[in-house]
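Student:
2 protein chains.
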Amino acid sequence: MARPRQFDEQDAVVTATDLFWRRGYNATSVRDLGAELKLTPSSLYRTFTDKHTLFLRALDHYRATDSAEAERRLDAAGRPVREVLRDWMLWLVSCPSDGEPGRGCFVVNTATELGTADAEIRERTEAAFEVTRQAVRSLLLEGRGSGELPADLDVDASVELLFTTVLGLRVRERAGHAPERLATTIDAAIKTLDPASVQPS
Amino acid sequence: MARPRQFDEQDAVVTATDLFWRRGYNATSVRDLGAELKLTPSSLYRTFTDKHTLFLRALDHYRATDSAEAERRLDAAGRPVREVLRDWMLWLVSCPSDGEPGRGCFVVNTATELGTADAEIRERTEAAFEVTRQAVRSLLLEGRGSGELPADLDVDASVELLFTTVLGLRVRERAGHAPERLATTIDAAIKTLDPASVQPS
DNA sequence: CTTATTTGGGAACGATCGCTCCCGTATGTC
DNA sequence: GACATACGGGAGCGATCGTTCCCAAATAAG
Chain E
124 MARPRQFDEQ DAVVTATDLF WRRGYNATSV RDLGAELKLT PSSLYRTFTD
174 KHTLFLRALD HYRATDSAEA ERRLDAAGRP VREVLRDWML WLVSCPSDGE
224 PGRGCFVVNT ATELGTADAE IRERTEAAFE VTRQAVRSLL LEGRGSGELP
274 ADLDVDASVE LLFTTVLGLR VRERAGHAPE RLATTIDAAI KTLDPASVQP
324 S
Chain Z
124 MARPRQFDEQ DAVVTATDLF WRRGYNATSV RDLGAELKLT PSSLYRTFTD
174 KHTLFLRALD HYRATDSAEA ERRLDAAGRP VREVLRDWML WLVSCPSDGE
224 PGRGCFVVNT ATELGTADAE IRERTEAAFE VTRQAVRSLL LEGRGSGELP
274 ADLDVDASVE LLFTTVLGLR VRERAGHAPE RLATTIDAAI KTLDPASVQP
324 S
């Protein structure tokens with residue numbers, strides 16, 4: 124029963140996510156966002172309360188799209204576990220280069236920029252980390268169950284190593300390291316899942 | 124032949140490093156730095172030209188102290204290679220908690236906050252990465268030479284994996300993960316250096 | 001003691017920050 | 001058509017940003 128909105132709220136969140144992702148929280152101003160959307164600060168504030176709330180929306184949107192896509196790619200669906208893992212990691216370090224490179228992972232960028240100071244943000248980054256960890260865990264369990272991975276594989280340890288390696292890969296992609304350079308790391312991480320020696324020295 | 128400076132330039136750099144490290148570049152204002160040092164912006168500017176230059180000084184100081192200390196701890200000096208590696212990584216994820224936790228690595232924080240946009244900064248973060256990579260490489264070569272590590276160890280691949288894992292560990296420490304939680308990752312990373320199976324499935 | 005020179009710091013520059021007010025405009029309800 | 005309601009946007013809020021200017025204080029050189 125009033126004048127309808129002339130811009131799509133979801134579009135605004137998408138644009139905000141893109142901008143926050145590339146520049147970070149502090150380096151992105153409300154007017155930057157408005158310029159990208161042809162919106163004035165007042166319209167943005169009426170819809171999203173304030174910058175911090177809009178940032179949370181952006182984080183949630185990222186998790187619902189990009190993070191969800193990553194989780195989807197971690198779903199084995201009958202394919203070889205190692206291949207799924209490798210394709211997933213290669214995609215992680217090359218996916219943002221649809222446009223320009225060096226965007227890294229929005230969650231990782233946020234976690235390092237804002238640390239543990241903001242509780243609401245920390246909650247979301249931690250949840251995103253946990254989802255990834257569990258997805259990797261499921262994949263490894265499936266691989267061990269199907270016999271593709273060693274029966275005595277220490278899944279917990281492997282999950283931690285793979286998850287941490289992925290964070291490092293995201294940092295390196297943000298730092299400008301090309302996917303081809305990172306492929307060595309990815310292959311080494313996957314080789315980790317091979318059976319260990321029977322008689323360790 | 125004029126009035127001498129009343130503050131120690133090096134002290135200022137140390138304080139600036141601490142502040143930039145904890146808050147990042149964009150969230151640290153020149154007045155924040157001045158307040159910590161009981162200095163006015165004008166004095167800071169006369170000495171350090173501008174904020175960006177001071178930040179470069181802070182990065183250089185970090186590399187000359189904290190990074191150098193890390194490199195020192197990576198020097199085997201006759202100790203078992205695996206032990207050196209493990210102690211080094213454990214120190215990496217717990218060293219900044221002299222005061223409060225969650226500072227992570229200044230270089231990693233900088234690389235993710237500013238990405239590849241700034242050439243002078245990128246140059247420094249990349250150099251810091253390379254020094255670490257080479258130190259790990261030397262250690263692995265020494266271990267392989269002494270027989271502590273498998274003769275057929277793929278040093279290049281292991282260096283990439285360990286280096287990337289360390290970046291991930293730094294992110295996780297910044298995100299508030301306790302050293303005890305990260306120890307699993309560290310042990311898994313080191314186990315990577317054990318001999319592989321003779322007949323891989 | 002002068003003089004040249006550099007310091008420290010208070011004040012202020014224009015620009016931008018996050019955010020709010022207000023008013024003309026457009027739309028659903030009656 | 002009249003009215004209530006939410007919109008878009010321009011203007012502006014006080015605060016802070018990075019940076020500069022200027023002047024009194026301090027000191028080395030003469």
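The listed protein sequences derive, respectively, from chains E and Z.
According to the numbering used here, the first sequence is numbered sequentially starting from 124.
According to the numbering used here, the second sequence is numbered sequentially starting from 124.
Glycine is no exception: its CB is placed at the ideal position from the N, C-alpha and C atoms.
These numbers were taken from a predicted model, which means no experiment stands behind them.
Any contact between the stretch 255-264 of chain E and the stretch 253-272 of chain Z? By contact I mean 3 or more CB pairs, one from each, below 8 Å.
Tutor: no
Student: Hey, how far is the Cα of Z/A191 from the Cα of E/P273?
Tutor: Numbered from its first residue, the second sequence carries residue 191 of chain Z at position 68. Numbered from its first residue, the first sequence carries residue 273 of chain E at position 150. Spanning the two alpha carbons is a distance of roughly 40 Å.
Student: At what residues does the alpha helix (DSSP H) containing E/K161 begin and finish?
Tutor: Counting from 1 along the first sequence, the entry for residue 161 of chain E is found at position 38. Run containing E/K161: none; DSSP gives neither H nor E here.
Student: Can you pull out the residues from the stretch 206-229 of chain E whose beta carbon lies closer than 7 Å to at least one beta carbon of chain Z?
Tutor: G225, G227
Student: Counting only runs of 4+ residues fully inside the stretch 125-196 of chain E, write out the alpha helix (DSSP H) ranges in chain order.
Tutor: List check, alpha helix (DSSP H) in window: 132-146, 153-160, 164-171, 174-185, 191-196.
Student: Less than 9 Å separating the beta-carbons of E/E194 and E/A258?
Tutor: In the first sequence, residue 194 of chain E corresponds to position 71, counting from 1. In the first sequence, residue 258 of chain E corresponds to position 135, counting from 1. Taking 9 Å as the Cβ cut-off, E/E194 and E/A258 qualify as a contacting pair.
Student: Step through the CB atoms of chain Z and report whether any lies within less than 9 Å of the CB of E/D134.
Tutor: In the first sequence, counting from the first residue as 1, residue 134 of chain E sits at position 11. By this cut-off, E/D134 is not an interface position.
Student: List the residues of chain Z that E/S281 touches, going by C-beta distances under 9 Å, in chain order.
Tutor: Position 158 of the first sequence, counting from 1, holds the residue named residue 281 of chain E. Neighbours of E/S281 on chain Z, chain order: A311.
Student: DSSP has E/A274 in a bridge; who is on the other side?
Tutor: Start at 1 with the first residue of the first sequence, and residue 274 of chain E comes out as number 151. None; E/A274 has no bridge partner.
Student: Taking 9 Å as the CB-CB limit, is E/G147 close to chain Z?
Tutor: Start at 1 with the first residue of the first sequence, and residue 147 of chain E comes out as number 24. By this cut-off, E/G147 is an interface position.
Student: For Z/T138, which residues in chain E fall below 9 Å Cβ to Cβ?
Tutor: What you label residue 138 of chain Z is simply residue 15 of the second sequence in a count that begins at 1. Within chain E, no residue comes near Z/T138; the closest Cβ sits about 19 Å away, beyond 9 Å.
Student: Three or more C-beta pairs closer than 8 Å, one from the stretch 307-320 of chain E and one from the stretch 279-286 of chain Z: is that the case here?
Tutor: yes
Student: Determine which residues of the stretch 238-258 of chain E have a Cβ less than 9 Å from any Cβ of chain Z, and write them out in chain order.
Tutor: G238, T239, A240, R245, T248, E249, F252
Student: According to DSSP, is Z/L316 part of a helix, a strand, or is it coil?
Tutor: The sequence position of residue 316 of chain Z within the second sequence is 193, counting from 1. Coil, per DSSP.
Student: Would you mind sorting Z/E243 into buried or exposed? The rule is 16 or more other CB atoms within 10 Å of its CB.
Tutor: Looking up residue 243 of chain Z in the second sequence gives position 120. That one is exposed.
Student: For the candidate residues E/C228, E/P203, E/T170, whose alpha-carbon lies nearest to that of E/L142?
Tutor: The count along the first sequence starts at 1 and reaches residue 142 of chain E at position 19. Of E/C228, E/P203, E/T170, the residue nearest in Cα terms is E/C228.
Student: For Z/Q133, which option in Z/H175, Z/A187, Z/R154, Z/R146 has the closest C-alpha, if you only look at C-alpha atoms?
Tutor: By 1-based counting over the second sequence, the position of residue 133 of chain Z is 10. Closest by C-alpha distance to Z/Q133, out of Z/H175, Z/A187, Z/R154, Z/R146, is Z/A187.
Student: Please identify, using Cβ separations under 7 Å, the residues of the stretch 293-307 of chain E that lie next to chain Z, in order along the chain.
Tutor: V294, R295, R297, A298, G299, T307
Student: Taking Cβ-Cβ distances shorter than 7 Å, what residues in chain Z pair up with E/A125?
Tutor: Counting from one through the first sequence, the residue named residue 125 of chain E turns up at place 2. Result: empty, since nearest Cβ-Cβ is about 38 Å, beyond 7 Å.
Student: Nearest CA to the CA of E/A181: which residue from E/R209, E/A158, E/S165, E/T140?
Tutor: As a position in the first sequence, residue 181 of chain E is number 58, starting the count at 1. Nearest of E/R209, E/A158, E/S165, E/T140 to E/A181, Cα basis: E/T140.
Student: Mind listing the chain E neighbours of Z/A234? Cutoff is C-beta to C-beta under 7 Å, in chain order.
Tutor: In the second sequence, counting from the first residue as 1, residue 234 of chain Z sits at position 111. Within chain E, the residues near Z/A234 are V294, R297, A298.
Student: Taking Cβ positions only, does Z/L284 come closer than 9 Å to chain E?
Tutor: Taking the second sequence and counting its residues from 1, the one referred to as residue 284 of chain Z is at position 161. Yes, its Cβ sits closer than 9 Å to a Cβ of chain E.
Student: If I follow the unbroken alpha helix (DSSP H) through E/T239, where does it start and stop?
Tutor: Reading the first sequence from its first residue, position 116 is the one you call residue 239 of chain E. Note, E/T239: premise wrong, no alpha helix (DSSP H); not H, not E.
Student: Just the chain E side, please: which residues come within less than 8 Å of Z/V289 by C-beta, in chain order?
Tutor: Taking the second sequence and counting its residues from 1, the one referred to as residue 289 of chain Z is at position 166. Neighbours of Z/V289 on chain E, chain order: G291.
Student: Are the beta-carbon atoms belonging to E/V216 and E/E296 less than 9 Å from one another?
Tutor: Taking the first sequence and counting its residues from 1, the one referred to as residue 216 of chain E is at position 93. Taking the first sequence and counting its residues from 1, the one referred to as residue 296 of chain E is at position 173. Taking 9 Å as the Cβ cut-off, E/V216 and E/E296 qualify as a contacting pair.
Student: At a cut-off of 8 Å, is Z/A135 close to the ligand NAP when judged by its beta-carbon and the heavy atoms of the ligand?
Tutor: The ligand NAP is absent from the structure shown, which contains no ligand whatsoever.
Student: Interface residues of chain E around Z/V231 at Cβ under 8 Å?
Tutor: Your numbering for residue 231 of chain Z matches position 108 in the second sequence. Ordered by position in chain E, the residues that pass the 8 Å Cβ test against Z/V231 are T235, V294.
Student: Is the CB of Z/A181 under 9 Å away from at least one CB in chain E?
Tutor: Taking the second sequence and counting its residues from 1, the one referred to as residue 181 of chain Z is at position 58. Taking 9 Å as the CB threshold, Z/A181 stays off the interface with chain E.
Student: Tell me the rounded alpha-carbon separation between E/Q129 and E/L177.
Tutor: Translated into positions along the first sequence, residue 129 of chain E becomes position 6. Translated into positions along the first sequence, residue 177 of chain E becomes position 54. The alpha-carbon atoms of E/Q129 and E/L177 are separated by roughly 18 Å.
Student: From Z/V289 to E/A135, what does the alpha carbon distance come to, in whole angstroms?
Tutor: For the purposes of this step, residue 289 of chain Z is taken as the residue at position 166 of the second sequence. For the purposes of this step, residue 135 of chain E is taken as the residue at position 12 of the first sequence. Their Cα atoms are separated by approximately 36 Å.
Student: Whose C-beta lies closer than 6 Å to the C-beta of E/A234 among residues of the same chain, with five residues either side of it excluded?
Tutor: Taking the first sequence and counting its residues from 1, the one referred to as residue 234 of chain E is at position 111. T248.
Student: Give the interface partners of Z/A150 over in chain E, defined as CB-CB distance under 7 Å, in chain order.
Tutor: What you label residue 150 of chain Z is simply residue 27 of the second sequence in a count that begins at 1. The contacting residues are N149.
Student: Quick one: is E/K174 near chain Z, going by C-beta distance under 9 Å?
Tutor: Counting from one through the first sequence, the residue named residue 174 of chain E turns up at place 51. E/K174 does not count as touching chain Z.
Student: Taking 8 Å as the limit between beta carbons, can you name the residues of its chain near E/D183, skipping five residues before and five after?
Tutor: Taking the first sequence and counting its residues from 1, the one referred to as residue 183 of chain E is at position 60. Hits under 8 Å: R247.
Student: If we call anything under 9 Å between Cβ atoms a contact, is E/P224 one with E/G299?
Tutor: Locating residue 224 of chain E in the first sequence gives position 101, where the first residue counts as 1. Locating residue 299 of chain E in the first sequence gives position 176, where the first residue counts as 1. Yes. Within cutoff.
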